Structure formats: C-alpha cells, structure tokens
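Count the sequence shown with the numbering used here and you get residues 250 to 857, in order.
Positions of the beta carbon are idealized from the N, C-alpha and C atoms, including for glycine.
It should be emphasised that the depicted structure is a prediction, and the values quoted were computed from it without experimental measurement.
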Amino acid sequence: MAESVQQRMEEMLPELEQLERVGLFSRSEIKTIVKKIRAHEYRLARTQKEKEDFLKYIQYKINLLALINKRRKKIHYFFKKAEIEYSIVQRITRLFRRACALYSDDLKLWMSQIEFCKKWNRRIALSKIYTRLLKIHSNVVGLWIMAAKFEMEDNNSPDNARGLLLRGLRFHPESQRLWVEYFRLELMNADKLRKRWSVLQKDKTSSIEHTAVDDALMQGTAATVVYKKAIEAMPDDIDFRLSFLPVCKDFDFVQGIIDTIYNDLKKDHPENELTWNALARRHLMNEDSVAADAKHRDLDPDLAVLQLEQKCFAVFEKAVKHLPTRKMWTLYAETCLERVTSKEGQSEHLSNQHVIRALKVLSSIKYQLSEELYEKWVKMLIKVGLMEKAKEVAEIATNSHVKSVTLWLQRLQLVIYGMQLGNEDAKAEVMDLFDYAVSHVKSKNSLPLWDLGLTWCLACNPAEVESVFEQGITQHKQVASVIKERYLEWAAFSGGIKKARDIYKRLASKHPKDLNFFKKYISLECSLADPKIKKLRSCYEEALREFGAKTPDIWLSYIKLEMTHPKGKTENIGKIHWRAIKELNSELTDEFMNRYILAQTGHLEYRL
250 MAESVQQRME EMLPELEQLE RVGLFSRSEI KTIVKKIRAH EYRLARTQKE KEDFLKYIQY
310 KINLLALINK RRKKIHYFFK KAEIEYSIVQ RITRLFRRAC ALYSDDLKLW MSQIEFCKKW
370 NRRIALSKIY TRLLKIHSNV VGLWIMAAKF EMEDNNSPDN ARGLLLRGLR FHPESQRLWV
430 EYFRLELMNA DKLRKRWSVL QKDKTSSIEH TAVDDALMQG TAATVVYKKA IEAMPDDIDF
490 RLSFLPVCKD FDFVQGIIDT IYNDLKKDHP ENELTWNALA RRHLMNEDSV AADAKHRDLD
550 PDLAVLQLEQ KCFAVFEKAV KHLPTRKMWT LYAETCLERV TSKEGQSEHL SNQHVIRALK
610 VLSSIKYQLS EELYEKWVKM LIKVGLMEKA KEVAEIATNS HVKSVTLWLQ RLQLVIYGMQ
670 LGNEDAKAEV MDLFDYAVSH VKSKNSLPLW DLGLTWCLAC NPAEVESVFE QGITQHKQVA
730 SVIKERYLEW AAFSGGIKKA RDIYKRLASK HPKDLNFFKK YISLECSLAD PKIKKLRSCY
790 EEALREFGAK TPDIWLSYIK LEMTHPKGKT ENIGKIHWRA IKELNSELTD EFMNRYILAQ
850 TGHLEYRL
C-alpha cells in the first residue's frame, strides 16, 4: 500500500514543483498540500474504500484548482497551465473514473464527473464517460438524449449523435422522447449543411460540388424518414405525432415536413377529434408573425388575425357537423374561450368578436360540459361584465357538477357580489346556498367554501358567525382543525379572553386535535399583560398528551415558559426535561437534546 501511495506522490512532484517555482505557493504551503494529499491517498489505498473518501479527495483537488486560479489573478501570472492545472485536472478525472467504477449505480457521481469535464472542456474524456455510463445505465432514456446532445452540439459530431440515438431506440423502441430528439437532430444537421452550403456558394474559389444526396439532406429528408419510422412504431398516438410540430418551429425549411405530418394525420385518423382540432388550430400557429407582417405593410393586423381565425373556426364548424361528439364541441369551445382570455392587449373590436364567437359556440352545445369548461365560461362572462349571465351559467354548472368545490365557490362569489347590503332576503339566500354547497361537496375538500362563508359572515352577517363556526368544527379533520383555530381567534377578538378560554376548554378535548389550536391559545394567553401560568401549564400538558411523542418544540417551549414567566418554577425544568427524554420518539431525542443545549447557551431561540 505504501509503495503505491509513494508512487502516486512522486507522479505529482512536477506540478507541485512548478507551483513553488512560479511563486503561486510557498514551500511551507507545498508541504501542507503534500501532507493532505498523502492522507487522502492512504485513505483510498485501503482495502475497504468509502465513497465519501473519493468525494472528499476530489473536492480537495477542485478547491486547490480554485485557489491556484485566485493566486494567478493576484500575481498576474498565467503561464505553465499545461504543467499545473491540466495535470491536476487529469488526476481528478482519474479519481472520478475509479469512483464511478466502484459505485457505478450512483448517477449523481457520474453527473458530477460530466459537469467537471464540461467545465474543463475535456471532450474526448466526455465521449468515453458517456460510453461507459450508457453501458451501465442503458435503461435511463434521458442519458441517451444527454449524450447525443453533447456529441451534436459540443463535440460537433452528428454521426456519433445519430449512432447514440439509434442505439437508444434499440433499447427503448417506444420512447417518444428519443424519437423526437432524433427528429430534432436530423433537422439540426440539415440546418448546418444548409448554412455551410450558403457560405460555400459565396466563396467563388470553392470547388465543392453540390450532389443530389446533399440536396435531399438539406431539405430535411432524413428527418422525414425518422418521423415516418416513429409513427410506424406508435401509429395510434396522435399526441405523439403532434409533438414533432413544435420542433419544426425552430427551422425555416420544414414546411414540407409540417404538411406531411398534417396530411398523415388526416389520412390515418379522419374520425378522431384530436385530428380535427389540430387541423383547425394549424391556422393560428403563425398569427403573431402574420400580424407583425400586416403592421409592417401598414395593413390592419386585426383584420389579418380575424382572417386566420375564420379559417380555424371554419374547420371547427365542419368538424362538429362531421363528428358531433362532446369531445369535439369541447375542443371547439376551449379554443373560442382561449381567444377571449389569453390574448392580452387586443383591440376592443377583436375582443368583442372573440366574445360573440365564444358565446355563440357555448350556447350551441347540447352536452353537459366539463368542470374546467364551465369554470372558464363563467370567468369569461365575468371578464366581459355579463354578471347575470355568469350567475345563470354558474347555476347550471353546479347543477351539473354538484360536488365541484371550484364551481360552488364561483357561484357563491357571484351571489355575494350581486347582493345588496342590508337585504335580509339576500342574506338568507347566501346562507341557504352555502349550506347546500357544503352538504354536497366532499367534506375534506370544502375548506375554500368555509373560508368564503366565514369571511362573508364576519363582514355582512355577524349574527350567523358562531353557528357557522359550530357547524365547521363538525366537518372533516382537514377542515375542522382550521376552523377550530379560527373560532378561537374570533372568540378572543369578539368576546375577549374569557370567551376564548370557554371555547378552548370546550374544544381542547374534542377530536380532531391539532397542534396549531394549542399554539393559538398559548399565543392568546401570552399576549395578555398578566399571562396566567396555571392556564398555560394546563394547555401545555394537554398538548403534550397528544403531540409530546413527536414534537420536541412543545417541550422546549414549555421549558422556556418556566424559565421566563415571573411565576415560573426552575425546579420544574429538570422534570420537564426528564419527561421529554422519556416520552419523545427515539429518533427525536438527540434533536431535542442538541436544541436544548444550544438554547441554554444562547445560540438558539426556543420556539413553539
């Protein structure tokens, strides 16, 4: 072992001598470095090696590189990098290789090695690393894509990238990500060829001939072949076919490929709603560029956009006649609503046209709509100020989806918004609607409704607040726990600490029990000018019975009370500490002890 360590130490002598010779480190610093490196080498020479030993050694050498860089800038010496930094980088790469060989399942270790090599531009080493990595982790699709991107974009080797993706597809023939990335690779390669040929054409001295094969590649023929092979592998997945279209947006020579994708879609799946949706929305893909072009030519951009929309909606009209299903109508309606809500800064005329179209389409649908579509419909009506129509649609929506919290919330908000202050009939309508809503939705999901109901009662109907609280504490624990806390807070605000104590006394023993409820009561008592320590102790004891085994914070806060309260007893601190050690779960005992010691020495605040 000592011989191998000594051999590696001797191999490092040249760079260490250079560090001293050029004045980056003093002799005493070099000795310290040698001592630390030797210690690391001995750890790695042991029979039983630990991954942490490799990581610590690698990190030490990386830190050494950073220090060398800092010293260079300080003394303005930037020579001998090949003899110093590159030699150290090579040794770090070897350490990574040894670590990855021993702990090949650790992907984070591989990624660290890759990032290090990228930082130091070690492209040949990276190619070898990816090769070794993919032999071990061939089941991870993302690694094939990462390796191919490196070969294409950093190593400028489309052949290597293509080979990697083809190998990846042999392992994962139905991986959509791999097919799409392969398609992108061929388009990028075609784009590079086109740019290169453009430069060569300008160079009149160039003797390179343009062949038919080159022309086919530059037109994206290889990408078309990849697309065809991909849909052969997964012929029934329309979303997969459409996923090739966003890739095409980055290139300006792919109109033929785009036409091929849409034509194949229409030919292979003529009776599918997604096909018609794609064909219709195709007309909107370039609307921004069309509008910009119209503006540049002093034409009306709104008119240009409307013409595109007319083409889109004409396809939808044809679709709902040919395929009058709920899904087809839903896709049509969603597109109309999208035109209303997502286009910011549009003119008033264009906005009105969008609203008219959306209202017409939505009113024509004879099917029950989805929750999401009803929600969007109501939001659109609110946005354009049609509040009565919004209330009408919201009522239809809640009747169709009686368990939807979102739709009930919308309807309640609309009713509250439209009520007149002081109108008793309107108050009764809101309360009845609230009761009806919470009785139909799932209790554990109903907290937003209770929040709205309580907020409204506090502002407009204070006489019913307490009854709403009482009803709320009987709900699912996810709702009741929050309502109990708010009930206690309201009681203190409306009736003082006496009322809050009465509410606490009544609810403390009722399930569900939540730590925040006890925290809230403790904070209310502590906010008084003269906090009652007996009541605080009683609250802590009640909380500890429920949560003492898994919450060190309660014990620490209880100890703080005895230490800081004027009537606290220091003799109780030891008793509480002993109880905490005994009652806390074993995995939390050390945490409690550490925090207790830190708090005692003033390095940590007690908190609850």
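Within the same chain, Lys329, Glu332 and Ile333 come within 6 Å of Gln267 by CB-CB distance, once the 5 residues on both sides are set aside. Going by beta carbons, Tyr770 and Ala749 fall inside the 9 Å limit.
Taking His760 as the centre and dropping the five residues before and after it, the same chain places the C-beta of Lys726 closer than 8 Å to its C-beta, in chain order. Secondary structure note for Gln425: its alpha helix (DSSP H) is the uninterrupted segment Gln425 to Lys451. In this chain, the alpha helix (DSSP H) harbouring Glu734 covers Lys726 to Leu756.
Leu557 places its beta carbon less than 9 Å from that of Asn535. Shown here for Ile279: same chain residues with a beta carbon closer than 7 Å to its own, the five before and five after excluded, namely Leu265, Leu268 and Glu269 in chain order. With a cutoff of 9 Å on beta-carbon distance, His826 and Pro780 are scored as not near each other. Between Arg490 and Leu514, the CB-CB gap stays under 9 Å. In the three-state reduction of the DSSP assignment, Ile337 falls in the helix class. Under the 8 Å Cβ criterion, the stretch 413 to 421 does not count as touching the stretch 436 to 451, having fewer than three qualifying pairs.
Contact fails between the stretch 505 to 514 and the stretch 553 to 567, because fewer than three Cβ pairs, one in each stretch, are under 8 Å apart. For Pro815, the secondary structure class from DSSP, reduced to helix, strand or coil, is coil. Contact annotation: the stretch 312 to 319 does not touch the stretch 361 to 368, with fewer than three C-beta pairs closer than 8 Å. Counting C-beta atoms within 10 angstroms of its own C-beta, Gly721 has 16 or more neighbours from the protein chains shown and is therefore classed as buried. Shown here for Phe718: same chain residues with a beta carbon closer than 8 Å to its own, the five before and five after excluded, namely Leu703, Ile732, Arg735, Tyr736 and Trp739 in chain order. Per DSSP, reduced to three states, the secondary structure at Lys567 is helical. In the structure shown, Met577 adopts helical secondary structure according to DSSP, grouped into three states.
Asp549 carries a coil assignment under DSSP once its states are collapsed to helix, strand and coil.
Between the stretch 620 to 631 and the stretch 582 to 601 there are three or more inter-stretch CB-CB distances shorter than 8 Å, so the stretches are counted as touching.
Each residue's CA atom was taken as its position, placing Glu678 and Lys824 some 57 Å apart. Following the DSSP letters along the chain, one finds Thr524 inside the alpha helix (DSSP H) bounded by residues Glu522 to Arg530. Cβ contact annotation for His518 (same chain, cutoff 7 Å, sequence separation greater than five): Ile487 and Thr524, in chain order. Under the three-pair Cβ rule at 8 Å, the stretch 684 to 701 counts as touching the stretch 648 to 659. For Gln256, the enclosing alpha helix (DSSP H) begins and ends at Ala251 to Glu260.
Under the 10 Å beta carbon count, Arg660 is surrounded by 16 or more other beta carbons and is classified as buried. When C-alpha distances from Leu701 are compared across Ser716, Phe683 and Ala712, the shortest belongs to Phe683. In terms of CA proximity to Ser613, Arg575 leads the group Leu382, Lys477, Ser806 and Arg575. The distance from the Cβ of Leu427 to that of Ile394 is about 7 Å, consistent with a contact at the 8 Å cut-off. With 16 or more other CB atoms across the displayed protein chains lying within 10 angstroms of its CB, Lys676 is buried. Straight-line measurement puts the Cα of Leu449 at about 59 Å from the Cα of Glu620. Taking a contact as a CB-CB distance under 8 Å, the pair Val429 and Ser387 does not count as one, their CB atoms being some 19 Å apart.
His603 counts as buried, since no fewer than 16 other beta carbons sit within 10 angstroms of its beta carbon.
The C-alpha of Gly744 lies about 11 Å from the C-alpha of Ile752. If you compare the alpha carbons of Ser596, Ile510, Leu618 and Ala543 with that of Met577, the shortest gap goes to Leu618.
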